[in-house]
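Sequential numbering of the sequence shown, starting at 207, is according to the working numbering.
Glycine included, C-beta positions come from ideal geometry on N, C-alpha and C.
Just so we're clear, the structure is a prediction, and the values are computed from it rather than from any experiment.
Reading through the structure tokens given below for one structure.
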Amino acid sequence: MQQLLHEWAGLLSTLPRKSLGLAAWLVALALVFGLLERWRPVRPAQRFPRRDLAADVIYYFLSGLLPAFAVAAATVAFAWLLGGLIPASLLNWVAGLPLWLRIVLLIVVGDTAYYWTHRWSHELPLLWKFHLIHHSPTELDWLVNTRAHPIDLALARVLPLLPLLAFGLRQPASRDMETAAAVYVALTTVWAFFVHANVRVRLGWLEQLIITPAFHHWHHHNERSAALGRNYASLLPWLDRLFGTYHLPKELPSAYGAADALPSTLGGQLLSPFRPRRGSPVTTGPD
Ligand SMILES: [Zn+2]
Ligand SMILES: [Zn+2]
């Protein structure tokens, strides 16, 4: 517990510097994705600023600052409960693998764990109450990526972390191992902004290897004619093929959002999972 308090105190002391860094990144991301979205928009008529943009900027900072506290807690708890059970020979063997192979393994193990975390967020009513915030926008752009309840976000970061720690793919005490992890986190973060963007980009055969905006836009679709509960992966589309949730027709969805209503204010949205609600999670069925 003392170690965790020490970690959190360290994180708290870096909040002002991190906030400034996030503000700089926000400007850079707005420039890059703003240009991309003007170049080839999926929906040219989408207004700017769109509805809820101001709230999404606040979600951006919450998403950038809060998950580190959950990750620190999970890492300390894992080391305390299970750390001693991981054989040193496994940790050393994984640490001795080439950097590129460790990154590939991080992506495969991390995205498989993320797939199931994300799918449970749709299929379990309790988790859907939190994940609904991410699915509420009826217009998509790159910033929707950060629109998430802090508890939804913490789960999405912590649950995939556990198998990575168990397989020795994350070793917080090793700077070299954390370099590979930093590459993995940077890739998933940038790609998550990209796949939410209002941009019409198809990648041909590469779409078999990595997800695209079209793939994730279908995850956000709200069309009566198509099944919900599709395309849960954050990088690897073949995970959805493997688990029967892949959906990527040639056309793009014409409607986004969720059937369940959400309060319009930020505070109301953050409190909404704790209030009684009528509504059902998204269901998954065969393609
Ligand atoms: Zn989702
Ligand atoms: Zn999304």
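Listed in chain order, the non-local C-beta contacts of W214 below 7 Å within the same chain comprise F275 and A278, local neighbours out to five positions each way being set aside.
The Cβ atoms of T385 and G316 do not sit closer than 9 Å to each other. Look at Y452 here: in three-state DSSP terms it is coil, with no helix or strand label.
The beta carbons of E329 and R256 sit no closer together than 9 Å.
Of the candidates F399, H427, L371 and G290, the residue whose Cα lies closest to the Cα of L237 is F399.
In this structure D347 is in contact with N404, their Cβ atoms being roughly 5 Å apart against a cut-off of 8 Å. Ligand 1 has no heavy atom closer than 8 Å to the beta-carbon of S440. Residue side-chain check: H355 keeps its Cβ at 8 Å or more from all non-hydrogen atoms of ligand 1. Counting the other CB atoms within 10 Å of its CB gives F421 a total of 16 or more, which places it among the buried residues. If you look at M207, you'll find it isn't in any alpha helix (DSSP H); DSSP assigns it neither H nor E.
Apart from sequence neighbours up to five positions away, the residues of its chain that approach L375 with a beta-carbon distance below 7 Å are V300, R308, L311, L312 and V315, ordered along the chain. A heavy atom of ligand 2 is found nearer than 8 Å to the CB of V350. In its own chain, leaving out the 5 sequence neighbours on each side, no residue places its CB closer than 6 Å to the CB of Q414.
The beta carbon of R363 sits closer than 7 Å to those of P273, A276 and V277, all from its chain and outside the five residues before and after it, given in chain order. The beta carbons of W231 and G290 sit no closer together than 9 Å.
Distance check between L448 and each of L242, Y321 and W411 places Y321 closest, using alpha-carbon atoms only. DSSP places Y462 within a strand segment (E or B) once states are collapsed to three.
Going by C-alpha positions, R406 is about 28 Å away from L468. The alpha-carbon of H402 is positioned some 6 Å away from that of P419. Under the DSSP definition of a beta bridge, H427 partners with Y462. Residues of the same chain with a CB within less than 6 Å of the CB of H324, apart from the 5 flanking positions on each side, are Y438 in chain order. Assignment of D347 by DSSP, reduced to helix, strand and coil, places it in the coil class.
Look at P250 here: in three-state DSSP terms it is coil, with no helix or strand label.
By the beta-carbon neighbour count (other beta carbons within 10 angstroms, threshold 16), V396 is exposed.
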